[in-house]
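Protein chains in written order, with the numbering used here: chain L, -16 to 90; chain S, 234 to 1237.
Idealized CB from N, CA, C, for every residue including glycine.
All of these numbers come straight from a predicted model, not from anything done at the bench.
Right, one structure below, let's go through it.
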């Protein structure tokens, strides 16, 4: 059971206090998009062995969604940051690079 | 024979004898005994039968690793099967019974399996029961089910009479294992200022050290243990706990502790078990090591025990497993047992050592005590049927065709070396390495488990780290380093010095003798509990099972309740040998929590009965309960399904309620309905994205029914939206959907359109809501007075607010029944008073409350859909004829793109229609319309299914809705639905709206 820190209210809490929301930084494709784009948006998900960006909601706390950068293999949490961003902030990337020099970067 | 010695026993209190029974036979032991010790003291060597072959089995170990001595404990609603006698503390009146035999322990007729051992070899089930196919269900499975399983399940009807609890806790440093290493580690961490918890699974501190003659600072270990425990007890930053097993280590330092609070004092106040849910910053495992058996023919006979267990019973309980023992070993440690027996005045016939030239300090001490040592030898086979009578000896490097010597004895102590208990280390990602000198897997210090920050959060010390001797210095360092994770400058003093005899290297012996022929290998047990032999593992290897995980499942090695604590290493060594590869290349199977089985009660904790889950109550809940409500669970709510009057059946009550709404007036507690306030300058725009239809055009004071879809275009929720003012909407959701829809709104607002100014609040529990429906509804409300509810003042799909009979009410003129209907919302605190006032005002008008079933029937008569009945996550609004509720003007809304996919446009899609049985009967729930022929999966082809089906008291026949292929184009066609027992039900496709198609009743 993971320990996560909500970047909005600052509380570090048990996984059961949060609800997961799957892969983060997806781009929404609505009306007018091609079948390929819509398929990628709806169904294609990364399942990396290593660095991953995930959406979580502090459902039984402040109610805010946030994003966790963590390692799916060791469960190390590199950082959590508010969801109002299209890509991981530079300082989060830096933290990940410091811990995972071989990481090929967020694609 | 096994017996109690007249003196000694460091853990027993001879002044307090305790009586207990085994298979109904009265026996006695002493306070401090384990059940196993008491049974051995009473010469009860035979304690159970094995799983497959029903072979006689006796106690083999002295702790958590015991595979054989499993008993059923207690009786009635306190009966529990598969309890280990070796870790069950004796108490007055304990009742135990042995397992896995018929008709009784001494005469087990199922032991016939043993006569044809080929009968149940590895993979037997897979090979034997494959054909003929039809035999599986009616012949094989019933037989296997009858004979499979250990012990007896407790009576299904009786509830566990005991209480259990769970507790959350935190520690900087959690130390698991209260031997001398664990005690020292805890002391060091505590002295360095950390908040420390220390758990020990047994009832005693100090582990094996006192039994094994360890000295600390030149004195017996016992003195140091006593002083150290006293010091720890006095420290405010330390909590130490006996009878608490570290059951599992999970992510980020989350550790489960299984505390057996009162197993040893039944009937005492307090819980029986307590499950600790501990978040530990740093963890130290000092879980010791487990001795390995040796694999020789007949090593499972009662009387063959681990050498260390014999020593434990002698020193701790003054119980001797025999009068004349043979010790068989490949290492020096077993000589401690020989010396201890001799010291207790017992006979040691010989120590049989697989090694040549045995000259270590311990063997020399044994020689000096006059004990005979037979070198380069092994046991060829053990003689005896229900207990050991003697052994045959042969050269260790031989096929064992004949014996070189026979020895008479009544006990055999075996030692194949020690395996560190690495389970906890492995639970959360710690890796192992093979120790070439000690021939065991031990924790790899370079690949430890890590915590949330990615840094190591677990250290291991003592025998669990493969260490023999100089344990305290290592434990001291582990304790200090763990504390320094919190305070880098923390310091602690040096540790005391522990000393023990030096030991010469062991020599691995995986089967005895090394080239044993098949006849012997087929009697060498690896897994005592699941009856897996050396020959089974070798057969698995020959049949191509090269992965240790596959071999485990094929042979069931290590899959019993002991999870292979004794068999693991021996089994994979045999597999490695059969595959011709080194042991590290084979690797181990995965260690999974819990370390030993924990009770279901502890897992449930206090969450049983009424507090199993939270119950949500509407303000009118108590009235419903007092007035015959038949409850229906809706999420965590309870809603009245119907209100039964005295002597009335459910069906009759429902029919009465349904008729009364159409003929007079009914009240429905609609408080569970989701109510979410959506407000802000961008609220109209946001509402247009959420709903398939246009919401921004809704005028304040008006209501509109709307649909919400997910991005796939599948219908997710529906309900009525009321526009409160220019910038705020009150969204009604389904009762079960409120929390999910609120979360869904927040998801889009926070993660996609975070620049939109919208605020959402889930107000579901802030309001009580009552639907007043039926031709007399307006007259009833006029009786309360205060607000003009006439047709012109409050037309259909309008809402108003003001005083209604003194209540602060918001009145919505909406209808889910097709009748004249008002939904009255008041602050939750006024809900019950409103309910009472409505009942009173309606008394002369024939008012009755109605439940959810009447609600369902009334809406089905009108052809209204219900989320979860007509929808199942694959249905788009167009399937339900709801195209009118899908905006063509909006360029975007959630689900729009999903609906545009080719499959959603398919004219063959199943569409919602009414279904009318030709004979007026009620269709079965979920019934399918069957076509002739088979589909690609060889299943019957279908062309439709029932989504809602009821008996309508108003129409006097069954009514139903369903989804049918091209259904709306096939009005009047007759379909064939499958009924029970292959009956065919003929059903005509009709319009789903059966009452008042023009909606005049709701419009009056």
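Starting from residue i, find everything on chain S with Cβ-Cβ shorter than 8 Å and list it in chain order.
i	result
residue 48 (chain L)	979, 980, 983 and 984
residue -7 (chain L)	Within 8 Å Cβ-Cβ: nothing; residue -7 (chain L) doesn't reach chain S, min ~15 Å.
Have a look at residue i and residue j and give me their C-alpha separation to the nearest angstrom.
i	j	result
residue 561 (chain S)	residue 31 (chain L)	51 Å
residue 1162 (chain S)	residue 20 (chain L)	37 Å
residue 311 (chain S)	residue 500 (chain S)	11 Å
residue 808 (chain S)	residue 837 (chain S)	39 Å
residue 643 (chain S)	residue 277 (chain S)	13 Å
residue 863 (chain S)	residue 1188 (chain S)	24 Å
residue 1195 (chain S)	residue 1214 (chain S)	21 Å
residue 628 (chain S)	residue 835 (chain S)	51 Å
residue 9 (chain L)	residue 63 (chain L)	17 Å
residue 623 (chain S)	residue 339 (chain S)	20 Å
residue 1050 (chain S)	residue 969 (chain S)	19 Å
residue 1140 (chain S)	residue 1146 (chain S)	15 Å
residue 741 (chain S)	residue 285 (chain S)	29 Å
residue 449 (chain S)	residue 476 (chain S)	25 Å
residue 718 (chain S)	residue 725 (chain S)	14 Å
residue 1199 (chain S)	residue 1143 (chain S)	6 Å
Quick one: which chain S residues come within Cβ less than 7 Å of residue i?
i	result
residue 11 (chain L)	985
residue 21 (chain L)	1130
May I ask which residues mark the beginning and end of the alpha helix (DSSP H) holding residue i?
i	result
residue 1137 (chain S)	1135 to 1138
residue 21 (chain L)	18 to 25
residue 1132 (chain S)	1129 to 1132
residue 919 (chain S)	916 to 923
residue 828 (chain S)	No alpha helix (DSSP H) contains residue 828 (chain S), which DSSP labels as neither H nor E.
In chain order, what residues of the same chain have a beta carbon less than 7 Å from the beta carbon of residue i, not counting five sequence neighbours either side?
i	result
residue 1061 (chain S)	852, 998, 999, 1000 and 1001
residue 44 (chain L)	-11, -8, -6, -4 and 0
residue 531 (chain S)	614, 615 and 756
residue 302 (chain S)	269, 280, 281, 292, 317, 318 and 319
residue 681 (chain S)	663, 689 and 691
residue 788 (chain S)	355, 765, 769, 770 and 773
residue 65 (chain L)	-10, -9 and 49
Hey, quick one: how far does the beta strand (DSSP E) through residue i stretch, first residue to last?
i	result
residue 195 (chain S)	Because chain S is modelled from 234 through 1237, residue 195 (chain S) falls outside the range shown and cannot be assessed.
residue 1082 (chain S)	1080 to 1082
residue 866 (chain S)	862 to 867
residue 570 (chain S)	Here residue 570 (chain S) belongs to no beta strand (DSSP E); instead the alpha helix (DSSP H) covers 567 to 576.
residue 643 (chain S)	No beta strand (DSSP E) contains residue 643 (chain S), which DSSP labels as neither H nor E.
residue 1218 (chain S)	1217 to 1223
Please list the partners that residue i has in chain L, where partner means a Cβ-to-Cβ separation under 7 Å.
i	result
residue 480 (chain S)	Per Cβ cutoff of 7 Å: no residues; residue 480 (chain S) is ~14 Å from chain L at best.
residue 1095 (chain S)	Going along chain L, no residue has its Cβ under 7 Å from residue 1095 (chain S), so there is no contact; the nearest lies around 33 Å.
residue 487 (chain S)	-16
So with CB distances below 9 Å, who are the chain L contacts of residue i?
i	result
residue 430 (chain S)	Ordered by position in chain L, no residue passes the 9 Å Cβ test against residue 430 (chain S), which lies about 18 Å from the chain.
residue 998 (chain S)	Chain L residues near residue 998 (chain S): none, gap ~16 Å exceeds 9 Å.
residue 662 (chain S)	56, 57 and 58
residue 992 (chain S)	Residues of chain L passing the Cβ test: none, with the nearest at roughly 12 Å.
residue 965 (chain S)	Neighbours of residue 965 (chain S) on chain L: none; closest Cβ ~21 Å, over 9 Å.
Taking 6 Å as the limit between beta carbons, can you name the residues of its chain near residue i, skipping five residues before and five after?
i	result
residue 938 (chain S)	953
residue 282 (chain S)	333, 334 and 341
residue 945 (chain S)	1131
residue 709 (chain S)	417, 421 and 728
In its own chain, which residues sit with a C-beta less than 8 Å from the C-beta of residue i, not counting the 5 before and 5 after it?
i	result
residue 267 (chain S)	295, 318, 319, 320, 321, 322, 323 and 550
Listing by chain order, which chain L residues have their CB less than 8 Å from the CB of residue i?
i	result
residue 732 (chain S)	Here the premise fails: no neighbours, minimum Cβ distance about 39 Å.
Three CB pairs or more closer than 8 Å across the stretch 472 to 480 of chain S and the stretch 490 to 510 of chain S: yes
Within the chosen definition, does the stretch 586 to 601 of chain S reach the stretch 568 to 575 of chain S through at least 3 CB pairs nearer than 8 Å? yes
I'd like to know if the stretch 927 to 934 of chain S and the stretch 1214 to 1225 of chain S are in contact, where contact means that at least 3 CB-CB pairs between them fall below 8 Å. no
Taking three-plus beta-carbon pairs below 8 Å as touching, is the stretch 884 to 894 of chain S in contact with the stretch 1068 to 1088 of chain S? yes
Assess, as a yes-or-no matter, whether the stretch 818 to 825 of chain S is touched by the stretch 837 to 849 of chain S under the definition of 3 or more beta carbon pairs within less than 8 Å. no
If contact is defined by three or more beta carbon pairs under 8 Å, each pair taking one atom from either stretch, is the stretch 1113 to 1123 of chain S in contact with the stretch 893 to 907 of chain S? no
Tell me whether the stretch 1036 to 1046 of chain S and the stretch 1018 to 1025 of chain S touch, counting them as touching only if at least three CB pairs, one residue from each stretch, are closer than 8 Å. yes
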